[in-house]
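What follows is one structure encoded as structure tokens, with my remarks underneath.
Put into structure tokens, the structure is as follows:
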């Protein structure tokens with residue numbers, strides 16, 4: 010089976026975005042993009058400082074926020090809108106109100122025998138094309154595994170979330186299986202979208218996304234990889250979505266649907282027992 014048209018579009022856009030044009034042309038592209046989307050560049054370099062559109066997409070903050078030092082605090086992993094949040098019931102969560110999906114399928118598990126997330130929490134962060142595209146760990150973690158699931162690259166904007174059933178399940182995604190410092194299980198799911206040339210995970214250079222992959226690829230870490238709260242672990246090369254799934258009584262979120270969040274803001278707390 011060939012690649013979906015959305016993958017071809019995203020691949021082509023990614024090639025264009027990665028191209029380094031002459032300085033005058035690149036300045037025009039970058040400045041036009043900033044104006045078109047209304048990007049707030051106050052905490053970033055000037056648009057003229059980026060030598061490609063993808064460099065502008067994946068821009069680093071000039072000054073990162075001060076990370077809350079409390080061991081059980083949870084910070085926003087990114088700049089985003091919370092499009093859905095709630096409790097997991099019968100292995101079901103919601104991409105947006107009225108659009109449920111099976112979480113086992115999202116994280117690459119078959120059947121209904123995986124119960125660690127039952128009655129746990131889910132939260133969906135939508136990163137728009139104008140947002141900061143890097144993502145950071147929301148608390149101290151041990152990464153047990155990373156799973157790349159090939160798929161399509163439909164847009165994940167709010168209008169399509171309301172219309173297309175199982176959108177998250179059809180799109181390409183990268184699933185991190187993690188433990189927090191208290192031993193609770195969580196999954197962080199990075200979901201691809203139209204014009205996302207790549208999903209980058211900095212600690213796994215062998216990960217290749219938006220390629221003509223036929224089957225999922227699992228990276229299992231016999232020695233878990235440990236990271237601190239706020240530590241960078243990758244970026245989308247355009248806007249997309251991050252889903253966090255947590256086991257029962259692991260986490261308490263302080264945010265609501267449709268709320269805007271920014272990287273580093275305290276948005277919840279871990280249960281310390």
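In the numbering used here, the protein residues as written are 10 to 282.
All C-beta atoms in this analysis are idealised placements derived from N, C-alpha and C, irrespective of residue type, glycine included.
Near residue i, what residues of its chain come up, given a Cβ to Cβ distance below 6 angstroms and the 5 sequence neighbours on each side ignored?
i           : result
residue 68  : 53
residue 150 : 187 and 236
residue 28  : none
residue 239 : 76 and 145
residue 193 : 256 and 259
Residue i: buried (16+ other C-beta within 10 angstroms of its C-beta) or exposed?
i           : result
residue 78  : exposed
residue 224 : exposed
residue 71  : exposed
residue 231 : exposed
residue 254 : buried
residue 140 : buried
residue 56  : buried
residue 219 : buried
residue 267 : exposed
residue 269 : exposed
If you drop the 5 nearest sequence neighbours on each side, which residues of the same chain put their C-beta closer than 7 angstroms to that of residue i?
i           : result
residue 210 : 155, 183, 216, 242 and 243
residue 174 : 108
residue 74  : 272 and 273
residue 48  : 139
Going by Cα to Cα distance, which pick from the options is closest to residue i?
i           : options               : result
residue 26  : 73, 262 and 61        : 61
residue 195 : 100, 266 and 257      : 257
residue 98  : 245, 91, 271 and 112  : 112
residue 171 : 105, 48 and 73        : 105
residue 64  : 192, 30 and 213       : 30
residue 161 : 49, 146 and 177       : 177
residue 100 : 213, 82, 124 and 252  : 124
residue 45  : 138, 271, 179 and 82  : 138
residue 185 : 270, 202, 226 and 173 : 226
residue 86  : 32, 252, 165 and 218  : 252
residue 245 : 228, 212 and 202      : 202
residue 262 : 41, 33, 50 and 82     : 82
For residue i, which beta-bridge partners are listed by DSSP?
i           : result
residue 211 : Answer is none; residue 211 lacks a bridge partner.
residue 255 : 130 and 195
residue 237 : According to DSSP, which records beta bridges pairwise, residue 237 is partnered with nothing at all.
residue 108 : 105
residue 189 : 150
residue 249 : 136
residue 145 : 241
residue 82  : 278
Report yes if the C-beta distance between residue i and residue j is below 8 angstroms; otherwise report no.
i           : j           : result
residue 37  : residue 95  : no
residue 84  : residue 273 : yes
residue 117 : residue 259 : no
residue 134 : residue 279 : no
residue 136 : residue 145 : no
residue 103 : residue 89  : no
residue 198 : residue 126 : no
residue 200 : residue 250 : yes
residue 190 : residue 80  : yes
residue 264 : residue 43  : no
Looking only at its chain, what residues have a beta carbon closer than 8 angstroms to the beta carbon of residue i, apart from the 5 residues adjacent to it on each side?
i           : result
residue 59  : 35, 39, 65 and 68
residue 233 : 151, 152, 153 and 188
residue 282 : 191
residue 213 : 155 and 228
Give a yes or no on whether the minimum CB-CB distance between residue i and chain D is below 8 angstroms.
i           : result
residue 165 : Although the question refers to chain D, the structure presented lacks it and comprises just one protein chain.
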